[in-house]
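**Student:** To convert, note that position 315 of the sequence shown is 331 in this note's numbering; the numbers rise steadily by one, no gaps.
Positions of the beta carbon are idealized from the N, C-alpha and C atoms, including for glycine.
This one's a predicted model, so the numbers in the text were calculated from it and none came from an experiment.
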Amino acid sequence: MLPQFAALLQDLFAALYKYNVLPLPESSVAPSARVNRVLLDGLLASTPYEHLKARTQLDEIRAGLGAVLLGERALELLRSEKLFSRRDLLDHFALRHDEAEHAERLREIERAEEMRGDAELGEDARSEIDALRERLAREALVAERRLERRAAEVARDVANRAEAGKKRLEAEALGVAQELDDAADEAESWGRALGARGPGSAARSLELGRRLAHNPKLRKLSRLLGRMREQALALRHRLFERPSEEILDVETGRELARLLPQELIGLRHPVLRLDWRRRYVEGALLQYRLRGDDERGRGPMVVCLDTSSSMAGDKEIWSKAVALTLLDIARRERRRFRAILFSSPETGLYTLDLNRGERYAADLEGSLDLADYFAGGGTDFEHPLDAAVECLGDSRFRRGDVVLISDGECRVSEEWKRRFLAEKQRLDFSLYAILIDVGGSTLETLAELADRVSRVSELTAETAGDLFTRV
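1. Please name the residue, chosen from G455, A463, L56, A22, that lies closest to Y448 on a Cα-to-Cα basis.
2. Please report how far the alpha carbon of L451 lies from the alpha carbon of E76, in whole angstroms.
3. Which of helix, strand or coil does DSSP assign to S360?
4. Among the candidates R112, D379, A128, G424, whose CA atom is the shortest distance from the CA of A159?
5. How would you label N36, buried or exposed, when you count the other beta carbons within 10 angstroms and need 16 or more for buried?
6. Let's test the definition: count the other Cβ atoms within 10 Å of the Cβ of I263 and tell me whether it reaches 16, buried, or not, exposed.
7. Roughly how many whole angstroms lie between the Cα atoms of A83 and E115?
8. If distances are taken between C-alpha atoms only, which option among D423, G269, T341, L74 comes closest to A328?
9. Please report the straight-line C-alpha distance between E144 and M131, rounded to a whole angstrom.
10. Pull up the DSSP beta-bridge partners for I263, would you.
11. Can you give me the Cβ contacts of L86 inside the same chain, cut-off strictly under 6 angstroms, excluding the 5 residues immediately before and after it?
12. Tell me where the alpha helix (DSSP H) around V319 begins and ends.
13. Just mark A128 as buried or exposed, buried being the case when its beta carbon has 16 or more other beta carbons within 10 Å.
14. Quick check on L290: buried or exposed, where buried means 16 or more other Cβ atoms within 10 Å of its Cβ?
15. Use the C-beta contact count for A339: other C-beta atoms within 10 angstroms, 16 or more gives buried, fewer gives exposed.
16. Evaluate contact between the region 427-442 and the region 355-371, counting only Cβ atoms and requiring at least three cross-stretch pairs below 8 angstroms.
17. Starting from the Cα of E88, find the closest Cα among H118, L24, D57, P39 and give me that residue.
18. Under 8 angstroms Cβ to Cβ from T461, same chain only, skipping five residues before and after it: list those, please.
19. What number of angstroms, rounded off, separates the C-alpha of R352 from the C-alpha of A378?
20. In the structure shown, what three-state DSSP assignment does F353 receive?
21. Give every residue of the same chain whose Cβ lies closer than 6 angstroms to the Cβ of L255, excluding the five residues on either side of it in the sequence, and list them in chain order.
22. Can you tell me which residues form a DSSP beta bridge with V469?
23. Distance, Cα to Cα, L56 vs P39?
24. Note down the Cα distance separating R95 from R372, rounded to an integer number of angstroms.
25. Look at the alpha carbon of A119 and the alpha carbon of A189, and state the distance between them as a whole number of angstroms.
26. Could you check how far apart the C-beta atoms of L240 and A387 are, in whole angstroms? I think they sit under 8 angstroms.
27. Mind checking A147: buried by the 16 CB within 10 Å criterion, or exposed?
28. Nearest to Q303 by CA position, among Y296, R274, M317, is which residue?
If you want it as structure tokens, here you go:
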């Protein structure tokens, strides 16, 4: 919509992030970017900008999110032709084309000068190059005059619309300031809940914040996920012995709790202390390698999530908050997590492996896909549970957990039920059902298939422990 829109985004980020903002002299701004300068001048002089900068200064995530949101608001104004008409925008692009053409002619003249300086050229070649230089100089002069004429026309249009553009962007800045805090805080909370840190986390947080800012359903889900995660972690920190781990081997590393006793001597030794610190930084200290439950047979967590029409509204929010809380639990316990989203047989299954990365870190993009996806249609338990059984059967860890999250409004055939229960006994896995009973719900089918059924309403009761501690 604007020929210099990428530059506008960079300027918006700098204006929101930097402590001191010093605009370039107007004479050094490209003619095609003067509209950017008008918008920025209006923003920098406005009261909403001060409120916005107080939230974003020296914070790259919030500054980036604020720049993206302001840029999107500017695009909306351009599409609605509230800043410039379509013809005005075409003039801006034509001006940008003239700038590029003039710059290309100048580069060609420079290359011709370099060629003429070649000592091995003969007189005929030099004469041809001189003729070429003269032609290029004439073309450059024509391009320059055309550029000056069009730049003057665009400058007049920009000046005529400058005041209206400043006021409109000022109003948009006020709206961005109001929604930025919520979106940034929820993005940070979401990423923290799913362990989405490490390289690229700033870019992921920026994209997450942008999606949260535009999606009320995701914002509501984010708030519920934060509360549910805190409760789940408190419940799982129950008072019983720590899951056992056994010594498997000796390896190098820097985890203090697993260092060999002889390595600890160097920590206090006056001569060996510097060498100990060097090996600590390099991760070269001798430590025990432990084998825990995950490596001794605790298998993946497979969550079948109902996305049929009956789950629309609050049921969808609650069911996905439960699923994402289970993802956080799986990440912390180093268990693979597969989500199978289902509705009717005709729709098909949507399968997401959400923590295949290093250290079982959650896939933030995949978790957003889970949160966004909603198929609608009818409900079929048979296909997703068959897929879950197939997953456990093919896995290196046979013993795992299957979780079915639904409002229970579905029937299954007797033949399929007998086959499923037989396969469940053969593979020796547990099926836990979570009934989303915040509206209409049916317990009968879930009770027939599952080892245990928990109700999402129990999250507010003293028995809430069953929901997250048994999986």
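**Tutor:** Walking through what the data contain:
1. Against the sequence shown, residue 448 aligns to sequence position 432. Taking Y448 as reference, the option from G455, A463, L56, A22 with the minimal CA-CA separation is A463.
2. One-based indexing of the sequence shown puts residue 451 at position 435. One-based indexing of the sequence shown puts residue 76 at position 60. Going by the C-alpha atoms only, they are around 41 angstroms apart.
3. For the purposes of this step, residue 360 is identified with residue 344 of the sequence shown, where counting begins at 1. Correct three-state label for S360: coil.
4. Counting from one through the sequence shown, the residue named residue 159 turns up at place 143. Scanning R112, D379, A128, G424 for the CA closest to the CA of A159 turns up R112.
5. Taking the first residue of the sequence shown as position 1, residue 36 is located at position 20. Label assigned to N36: exposed.
6. The residue you call residue 263 lines up with position 247 of the sequence shown. Taking a 10 Å sphere around the C-beta of I263, we find fewer than 16 other C-beta atoms and assign the residue as exposed.
7. Here residue 83 refers to the residue found at position 67 when the sequence shown is read from its first residue. Here residue 115 refers to the residue found at position 99 when the sequence shown is read from its first residue. CA-to-CA, the gap between A83 and E115 works out to about 26 angstroms.
8. Here residue 328 refers to the residue found at position 312 when the sequence shown is read from its first residue. Distance check between A328 and each of D423, G269, T341, L74 places D423 closest, using alpha-carbon atoms only.
9. Reading the sequence shown from its first residue, position 128 is the one you call residue 144. Reading the sequence shown from its first residue, position 115 is the one you call residue 131. Approximately 11 angstroms between the Cα atoms of the pair.
10. Walking along the sequence shown from the start, residue 263 turns up at place 247. Residue pairing by DSSP puts I263 in a beta bridge opposite L306.
11. Locating residue 86 in the sequence shown gives position 70, counting from the first residue. Residues of the same chain with a CB within less than 6 angstroms of the CB of L86, apart from the 5 flanking positions on each side, are L28, V192 in chain order.
12. Taking the first residue of the sequence shown as 1, we reach residue 319 at position 303. Where V319 is concerned, there is no enclosing alpha helix (DSSP H), although the beta strand (DSSP E) it sits in stretches over 317-322.
13. For this step, residue 128 is matched to residue 112 along the sequence shown. A128 is buried by the Cβ-count criterion.
14. Residue numbering aside, residue 290 sits at position 274 when the sequence shown is read from its first letter. Its Cβ having fewer than 16 others within 10 Å, L290 is exposed.
15. The sequence position of residue 339 within the sequence shown is 323, counting from 1. Under this definition A339 is a buried residue.
16. Pairwise C-beta distances place the region 427-442 out of contact with the region 355-371, as fewer than three of them are shorter than 8 angstroms.
17. Taking the sequence shown and counting its residues from 1, one reaches residue 88 at position 72. Comparing Cα positions, the closest option is L24.
18. Along the sequence shown, read from residue 1 onward, the residue named residue 461 stands at position 445. For T461, where only same-chain residues beyond five positions count, the Cβ hits under 8 angstroms are F397, G424, C426, R427, V428.
19. Along the sequence shown, one-based indexing puts residue 352 at 336. Along the sequence shown, one-based indexing puts residue 378 at 362. Their Cα atoms are separated by approximately 10 angstroms.
20. On the sequence shown, residue 353 is found 337 positions in, with the first residue counted as 1. Strand at F353.
21. The count along the sequence shown starts at 1 and reaches residue 255 at position 239. At L255 the pLDDT is 37, less than 50, meaning the model places this residue with poor confidence; the figure from the coordinates comes in the next sentence. The beta carbon of L255 sits closer than 6 angstroms to no other beta carbon from its chain once the five residues preceding and following it are set aside.
22. Within the sequence shown, numbered from 1, the residue matching residue 469 stands at position 453. Partner(s): A449.
23. Counting from 1 along the sequence shown, the entry for residue 56 is found at position 40. Counting from 1 along the sequence shown, the entry for residue 39 is found at position 23. Distance between the alpha carbons of L56 and P39: 9 angstroms.
24. Translated into positions along the sequence shown, residue 95 becomes position 79. Translated into positions along the sequence shown, residue 372 becomes position 356. So the two alpha carbons sit approximately 41 angstroms from each other.
25. Working through the sequence shown from its first residue, we reach residue 119 at position 103. Working through the sequence shown from its first residue, we reach residue 189 at position 173. Each residue's CA atom was taken as its position, placing A119 and A189 some 35 angstroms apart.
26. Here the question's residue 240 lines up with position 224 in the sequence shown. Here the question's residue 387 lines up with position 371 in the sequence shown. Contact check for L240 and A387: beta-carbon distance about 11 angstroms, past the 8 angstroms limit, so the pair fails to qualify.
27. Your numbering for residue 147 matches position 131 in the sequence shown. A residue is called buried once 16 or more other Cβ atoms fall within 10 Å of its Cβ, and A147, having fewer, is exposed.
28. Translated into the one-based positions of the sequence shown, residue 303 becomes position 287. Among Y296, R274, M317, the Cα nearest to that of Q303 is on R274.
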